[in-house]
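Residue numbers (this note's numbering), protein chains in the order written: chain A, 1 to 192; chain B, 1001 to 1248.
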Amino acid sequence: MGVIVSDLKKSFGDNVVLNGFSHNFTDKKVTAIMGQSGSGKTTLLAIMMGLLPPDSGTVQCPAPISAVFQENRLCENLTASANIRLVTGKKYDRHEITAELLRIGLSNCENKAVSQLSGGMKRRVALLRALLAESEVLFLDEPFKGLDLDTKNLVMEYCKEMTKGKTVIFVTHDQRECEFFSDEVIEMNMFG
Amino acid sequence: MKKRVISLLCVFFWLVVWQAGAMALNQRILLVTPVDAAVKLIELIPSADFWKSVMFSAGRILSGFALGLTVGTGLAVFSGRYVFLRKLLSPFISVLKAVPVASFTILALIWVSSKNLSVLVTFLICVPIVYINMLEGIDSLDPKLKEMSTVFGIPPMRRFVGIYLSQLLPYFRSAAGLAIGLCWKSGAAAEVIGIPDGSIGEKLYQAKIYLETADLFAWTAVIIFVSWLCEKAFMSVIKLLVKRVEKM
């Protein structure tokens, strides 16, 4: 089952962010959500993830879910490896996580506290955490933000491979990311 | 290695200054030489009475410290959760912070026997330090990590260790490091005022009464050393815990 969103409405005071948004996000496909800033993409994702209650409307979403948030939301005192194990539990051992970190260009950082990593490295740890977590649906909010071109290419390839057979809903502003990664695209205008 | 040599040389320099000062003054009641203090300490160490006094004071001061850590942390957790409690405790903590050790001690002598005086005094010294540090840590907890853990469905125990404990341990470490030294200082001061039998404080008091300055220096050295040892041992345990949590 994909993610079914029906007639979502959400306002913050007088500011209407979503005004009756509906969409069936296809099962096991990557759907990109594009749209200008302030069009409600992140709010839509927060509602779909259950972090924000809608004013009205419904969301049907299979569990479990995982996510890359707009911010990295990593535990800064923990190592990169520990941040991943925090969500995966014993599903992967240290060596397996180290191997996966290497595949996205993160060598010798598994035992470093996240606070010591650069912005791009943190983003990759946040992405790997989401990809390795047990999930039916992945919500990715600008997952390749802050990565240089070569790293972005490497990580997008990896991401495409790792999300095969999963329902992915991903927010981006980048047309190239969208073309490379997504099976379908929806454009959000102001008020959804 | 080089740093250690420099540190040792600095210590040696001050010992030489002390020795020269004491020799120039030539008044053993006012100032003994470091050699005299060391000789006295060597005389004290083999005696059973010495170890009884150390154990007596250490047991009580560390009990007060442990109790202060527990209560300070507990109060901070509940104050972080309930604004009313935080406001209610605010004047009480401010008073605890400001009241001099001597006032605590004299008041405490009315409430408890002099034997357990240092437990109460060190507890009262420790609570505000731990409370203030832990509350600062709790206030700085990132609420977005709570959302993250909800989305990923992280189990409660793993959530507690990975998210809360990992963020609060640095605050706990600095609070405990600061508190343990102060507990020894205030505990010894309380014992000097209350003079419980068989305590280090009693030995310091006797040194004052009989003008045994060498004893005073020797017992002071003992307090400094035991306090340092307790701090190192406790901090090592916390460090291990931090490393363990960091790597999960």
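Cβ coordinates follow ideal geometry from the N, Cα and C atoms, glycine included.
Cross-chain neighbours of residue i in chain B, by beta carbon under 7 Å
| i | result |
| --- | --- |
| proline 64 of chain A | Gly1153 |
| alanine 113 of chain A | Glu1246 |
| threonine 79 of chain A | Glu1246, Lys1247 |
Simplified DSSP assignment, three categories, for residue i
| i | result |
| --- | --- |
| asparagine 985 of chain B | A question about residue 985 of chain B goes unanswered here, because the residues of chain B that appear run from 1001 up to 1248. |
| methionine 188 of chain A | strand |
| glycine 1021 of chain B | helix |
| threonine 167 of chain A | strand |
| valine 1242 of chain B | helix |
| serine 135 of chain A | coil |
| valine 1099 of chain B | coil |
| glycine 57 of chain A | strand |
| isoleucine 4 of chain A | strand |
| phenylalanine 144 of chain A | coil |
| lysine 90 of chain A | coil |
| serine 107 of chain A | coil |
| serine 1140 of chain B | coil |
Closer than 8 Å at the beta carbon, the chain B residues around residue i
| i | result |
| --- | --- |
| valine 200 of chain A | Any question about residue 200 of chain A goes unanswered here, given that chain A covers just 1 to 192. |
| glutamate 208 of chain A | Outside the displayed range of chain A (1 to 192) lies residue 208 of chain A, so it cannot be described from this structure. |
| cysteine 75 of chain A | Leu1145, Gly1162, Ile1163, Ser1166, Gln1167 |
| leucine 51 of chain A | Glu1147, Thr1150, Val1151 |
| alanine 133 of chain A | Phe1152 |
Contacts of residue i in chain A (Cβ-Cβ under 9 Å)
| i | result |
| --- | --- |
| glycine 1072 of chain B | None at all; the shortest Cβ gap to chain A is about 21 Å. |
| arginine 1158 of chain B | Arg85, Leu86, Val87, Gly89 |
| proline 1170 of chain B | Asn77 |
Alpha-carbon to alpha-carbon, residue j and residue i
| i | j | result |
| --- | --- | --- |
| alanine 1058 of chain B | methionine 1148 of chain B | 44 Å |
| serine 1236 of chain B | alanine 113 of chain A | 19 Å |
| leucine 132 of chain A | lysine 1003 of chain B | 45 Å |
| alanine 1037 of chain B | alanine 1214 of chain B | 5 Å |
| phenylalanine 1012 of chain B | serine 1053 of chain B | 29 Å |
| arginine 94 of chain A | serine 81 of chain A | 7 Å |
| glycine 40 of chain A | glutamate 1246 of chain B | 36 Å |
| proline 1155 of chain B | arginine 73 of chain A | 17 Å |
| valine 87 of chain A | glycine 1153 of chain B | 8 Å |
| leucine 154 of chain A | glutamate 177 of chain A | 12 Å |
| leucine 128 of chain A | leucine 1182 of chain B | 45 Å |
| serine 1063 of chain B | isoleucine 104 of chain A | 51 Å |
| aspartate 1197 of chain B | arginine 1028 of chain B | 27 Å |
| threonine 1105 of chain B | alanine 1189 of chain B | 9 Å |
| leucine 1145 of chain B | asparagine 83 of chain A | 11 Å |
| leucine 140 of chain A | valine 168 of chain A | 7 Å |
| leucine 149 of chain A | leucine 1088 of chain B | 55 Å |
| glycine 146 of chain A | methionine 1 of chain A | 32 Å |
| valine 30 of chain A | leucine 44 of chain A | 16 Å |
| glycine 1021 of chain B | tryptophan 1228 of chain B | 26 Å |
| leucine 1085 of chain B | serine 1113 of chain B | 31 Å |
| serine 1103 of chain B | tyrosine 1131 of chain B | 21 Å |
| glutamate 136 of chain A | phenylalanine 25 of chain A | 13 Å |
| phenylalanine 170 of chain A | glutamate 187 of chain A | 12 Å |
| glycine 50 of chain A | valine 1151 of chain B | 8 Å |
| phenylalanine 1056 of chain B | glutamate 1043 of chain B | 19 Å |
Residue interval of the alpha helix (DSSP H) (run including residue i)
| i | result |
| --- | --- |
| lysine 160 of chain A | 149-162 |
| glutamate 177 of chain A | 175-181 |
| serine 115 of chain A | Neither: serine 115 of chain A is in no alpha helix (DSSP H) and is coded neither H nor E. |
| methionine 49 of chain A | Unbroken run through methionine 49 of chain A: none, as it is neither H nor E. |
| serine 39 of chain A | That residue, serine 39 of chain A, is in no alpha helix (DSSP H); it is neither H nor E in DSSP. |
| leucine 1062 of chain B | 1048-1081 |
| leucine 78 of chain A | That residue, leucine 78 of chain A, is in no alpha helix (DSSP H); it is neither H nor E in DSSP. |
| glutamine 1206 of chain B | 1200-1209 |
| alanine 1171 of chain B | Here the sequence assigns tyrosine to residue 1171 of chain B, which means alanine is not the residue at that position. Segment 1166-1194, the alpha helix (DSSP H) holding tyrosine 1171 of chain B. |
| arginine 1158 of chain B | 1156-1159 |
| aspartate 1036 of chain B | 1034-1044 |
Limits of the unbroken beta strand (DSSP E) element including residue i
| i | result |
| --- | --- |
| alanine 34 of chain A | Note that residue 34 of chain A is methionine in the sequence shown, not alanine. Residues 30-35. |
| phenylalanine 25 of chain A | 15-25 |
| alanine 67 of chain A | 65-68 |
Within chain A, the residues that residue i reaches when beta carbons sit closer than 7 Å
| i | result |
| --- | --- |
| methionine 1134 of chain B | The premise fails here: methionine 1134 of chain B is roughly 16 Å from chain A at the closest Cβ pair, so nothing lies under 7 Å. |
| proline 1100 of chain B | Within 7 Å Cβ-Cβ: nothing; proline 1100 of chain B doesn't reach chain A, min ~37 Å. |
Contact list for residue i against chain B, beta-carbon separation under 9 Å
| i | result |
| --- | --- |
| glutamate 156 of chain A | A small correction: the amino acid at residue 156 of chain A is methionine; glutamate does not occupy that position in the sequence shown. Within 9 Å Cβ-Cβ: nothing; methionine 156 of chain A doesn't reach chain B, min ~23 Å. |
| alanine 99 of chain A | Result: empty, since nearest Cβ-Cβ is about 17 Å, beyond 9 Å. |
| alanine 67 of chain A | Met1148, Val1151, Phe1152 |
| alanine 82 of chain A | Gly1162, Ser1166, Val1245, Glu1246, Lys1247, Met1248 |
Interface partners of residue i on chain A, CB under 8 Å
| i | result |
| --- | --- |
| proline 1196 of chain B | Residues of chain A passing the Cβ test: none, with the nearest at roughly 42 Å. |
| query | Any contact of the segment 12-32 of chain A with the segment 1109-1118 of chain B, i.e. 3+ C-beta pairs under 8 Å? | reply | no
| Stretch-stretch touch, CB-based, cutoff 8 Å, three pairs: the segment 1120-1140 of chain B with the segment 1064-1084 of chain B | yes
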